[in-house]
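*Asks:* Dropping a structure here in structure tokens format, bear with me for questions.
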Amino acid sequence: MASEVEIEDVTKVEAALEALTAGKLQQGERLLQEVVANTPEAYENEEADGEGVAIKFWSMNEFMQYVSWMQDQGTERAVKWIGNAYPRAYYYLGFLCVKQQQYAQAVEYLDKGRSLEPENPKFLFEKAQALIHLGNKEGALALYDQVVETGPHVSQAELAMARRGRGFVLIEMGKLDDAEAAFHASLELDPESEIALSELKYIAHLRQGGPMVEDFESVETTGPDLSSCAICGKDYEQGVMITVEGRPLTICKRCERRLTKKWWQFWK
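Per the UniProt record's numbering, numbering of the sequence shown is gapless, rising by one per residue and ending at 268.
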């Protein structure tokens with residue numbers, strides 16, 4: 001499914017992310033540009049065969065979301081995890097452009113990335129940030145409104161993030177009642193979100209005549225820590241801890257029972 005060039009490009013994306021993390025922005029951007037230049041005209045993100053399905057996941061969290069959701073649907077098939085190059089490269093180029101205040105260019109990169117992975121909400125979230133800075137709050141709100149339910153590629157955490165993002169935009173638009181409802185809706189999915197709780201306090205502050213904070217910050221996407229189950233996101237008390245691709249992962253007892261051995265078939 002993946003050519004030798006694409007396999008090499010996956011490695012380049014990882015190197016680019018290491019460079020960005022180390023503050024070497026030009027080096028990271030150069031590597032990402034080299035990767036997107038190799039994007040195939042006919043790109044496929046997944047491929048099914050008689051044994052199961054091969055999917056180009058971004059991370060362990062995406063893999064776990066997919067297998068958990070499919071298990072809930074009663075679908076049994078092996079899942080082969082293949083590294084992801086081109087959608088990720090476009091996303092991080094868009095992310096860099098937002099950080100560098102190159103918002104129109106960010107939109108272009110994010111649209112190209114989303115054309116490769118239409119079901120991935122990350123492109124919508126980052127594009128919403130660019131549109132807000134371009135003064136298009138209605139457009140940003142419409143992007144968040146596209147993420148309305150969980151699915152094989154949309155986790156509960158991402159759905160909560162979409163609701164928080166909607167709340168942020170509504171505050172910027174001065175629609176405090178709707179913003180408050182959005183943050184309360186997010187808390188139904190993520191009851192302990194410090195972001196949502198903080199914004200509800202901010203809304204109360206505004207209603208009391210307090211000044212509005214001018215700088216809009218995006219809602220960051222972070223993976224669960226070891227105190228939370230990697231599948232359902234709830235507090236981890238009892239269950240199992242495994243290592244996948246060298247990274248520790250905790251799974252609560254309830255989710256462990258739901259997953260069969262067949263689901264744990266994946267390769268790089």
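A virtual CB, placed ideally from N, CA and C, is assigned to each residue, including glycine.
Have a look at residue 269 and Arg77 and give me their C-alpha separation to the nearest angstrom.
*Replies:* Residue numbering for the chain in the displayed model covers 1 to 268; residue 269 lies beyond these limits and cannot be assessed.
*Asks:* Taking just the CA atoms, how far does Met161 sit from Gly151?
*Replies:* Their backbone Cα atoms lie some 14 Å apart in a straight line.
*Asks:* Since Gly165 is in the alpha helix (DSSP H), which residue starts that stretch and which ends it?
*Replies:* Gln156 to Glu172 is the extent of the alpha helix (DSSP H) around Gly165.
*Asks:* Helix, strand or coil for Gly74? Go by DSSP, reduced to three states.
*Replies:* Of the three classes helix, strand and coil, the one that applies to Gly74 here is coil, per DSSP.
*Asks:* Go through the segment 78-150 residue by residue and report every complete run of the beta strand (DSSP E) that reaches 3 residues or more, in order.
*Replies:* Runs found: 78-82.
*Asks:* Assign Glu194 to one of three DSSP states: helix, strand, or coil.
*Replies:* Looking at Glu194 - three-state DSSP - the assignment turns out to be helix.
*Asks:* Quick one: give me the first and last residue of the alpha helix (DSSP H) that Glu4 is part of.
*Replies:* Segment Glu4 to Thr21, the alpha helix (DSSP H) holding Glu4.
*Asks:* So does the segment 135-146 actually touch the segment 164-182, counting three or more Cβ pairs closer than 8 Å?
*Replies:* Judged by Cβ distances under 8 Å, the segment 135-146 makes contact with the segment 164-182, as three or more pairs qualify.
*Asks:* What does the alpha-carbon distance come out to for the pair Glu188 and Gln65?
*Replies:* Taking the straight line joining both Cα atoms gives about 19 Å.
*Asks:* Three or more C-beta pairs under 8 Å: does that hold for the segment 13-32 against the segment 43-62?
*Replies:* No, the segment 13-32 is not in contact with the segment 43-62.
*Asks:* Quick check: the Cα distance between Gln100 and Glu138, rounded to an integer number of angstroms?
*Replies:* The straight-line gap from Cα to Cα measures roughly 23 Å.
*Asks:* Within this structure, are the beta carbons of Tyr92 and Lys112 separated by less than 9 Å?
*Replies:* Contact: no.
*Asks:* Per DSSP, Lys24 forms a beta bridge with which residues?
*Replies:* Answer is none; Lys24 lacks a bridge partner.
*Asks:* Verify whether the separation of the beta carbon atoms of Asn84 and Phe57 is less than 9 Å.
*Replies:* Yes, the Cβ-Cβ distance between Asn84 and Phe57 is below 9 Å.
*Asks:* Going by C-alpha distance, which of Ile203, Asn61, Val79 and Lys175 is nearest Ile55?
*Replies:* For the residues Ile203, Asn61, Val79 and Lys175, the minimum Cα distance to Ile55 belongs to Val79.
*Asks:* Which word fits Ser3, buried or exposed, when buried means at least 16 other C-beta atoms lie within 10 angstroms of its C-beta?
*Replies:* It counts as exposed.
*Asks:* Can you say whether Ile82 is buried or exposed, counting buried as having 16 or more other CB atoms within 10 angstroms of its CB?
*Replies:* With 16 or more Cβ atoms within 10 Å of its Cβ, Ile82 is classed as buried.
*Asks:* Measuring only the C-alpha atoms, how far is Gln105 from Cys97?
*Replies:* Approximately 7 Å, taken between the alpha carbons.
*Asks:* Taking the alpha-carbon positions, what's the Ala128 to Val147 distance?
*Replies:* Computed Cα separation, rounded: 12 Å.
*Asks:* Report, in whole angstroms, the separation of the C-beta atoms of Pro87 and Leu116, which I expect to be a contact under 8 Å.
*Replies:* Contact holds; Cβ gap of about 5 Å.
*Asks:* Within its chain, find whatever has a CB closer than 8 Å to the CB of Glu119; leave out the 5 residues flanking it on each side and keep chain order.
*Replies:* Here the set comprises Gly151, Pro152, His153 and Val154.
*Asks:* Please return the same chain residues whose Cβ sits closer than 7 Å to the Cβ of Val35, not counting the five positions on each side in sequence.
*Replies:* Within the same chain, Val35 has close Cβ partners Asp9, Lys12, Val13, Ala85, Tyr86 and Ala89.
*Asks:* Spatial neighbours of Gln265 within its chain, please: CB distance less than 6 Å, with the 5 preceding and 5 following residues excluded, ordered by chain position.
*Replies:* Confidence in Gln265 is poor, its pLDDT being 36 and thus under 50, which makes the residue's placement too unreliable to answer from.
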